[in-house]
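**Q** Would you mind keeping the following structure in view while I ask a few things?
In the numbering used here, the protein residues as written are 896 to 1001.
In structure tokens:
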């Protein structure tokens, strides 16, 4: 799930999308806006398929990834499983700076 790090940040003030667009005949501007929100669509899909109390786990190159807020907005409770501190590795290859658990609340 570290692919989430590659998405452009979405401002906290921007609401989550209500539905995924189904229309095939849209303008390039509408399509670009849809792509900007693809991270939200991924989070909402995780919420759709998980049972209440289910977990989504993600790791990140950042200690506190910006998209944590998007998970919270979608109804997840976040908990840091591990954050690299003092240069100590949290995995065997020292590739990631943090590991997070998102629990679906409702």
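Glycine included, every Cβ here is placed at the ideal spot set by N, Cα and C.
Taking the DSSP output, what are the residues bridged to residue 858?
**A** Past the boundaries of the shown model lies residue 858; the chain is included only from 896 to 1001, so the question cannot be answered.
**Q** Give a yes or no on whether the C-beta atoms belonging to residue 910 and residue 968 are separated by under 9 Å.
**A** yes
**Q** Which residue comes first and which comes last in the beta strand (DSSP E) that contains residue 973?
**A** According to the DSSP assignment, residue 973 belongs to the beta strand (DSSP E) that extends over 971 to 978.
**Q** Do the segment 968 to 979 and the segment 922 to 930 touch if we need at least three Cβ pairs shorter than 8 Å?
**A** no
**Q** Take the Cβ of residue 962 as the centre, count every other Cβ of all protein chains shown within 10 Å, and call the residue buried at 16 or more, exposed below.
**A** buried
**Q** For the alpha helix (DSSP H) that residue 935 lies in, which residues bound it at each end?
**A** 933 to 944
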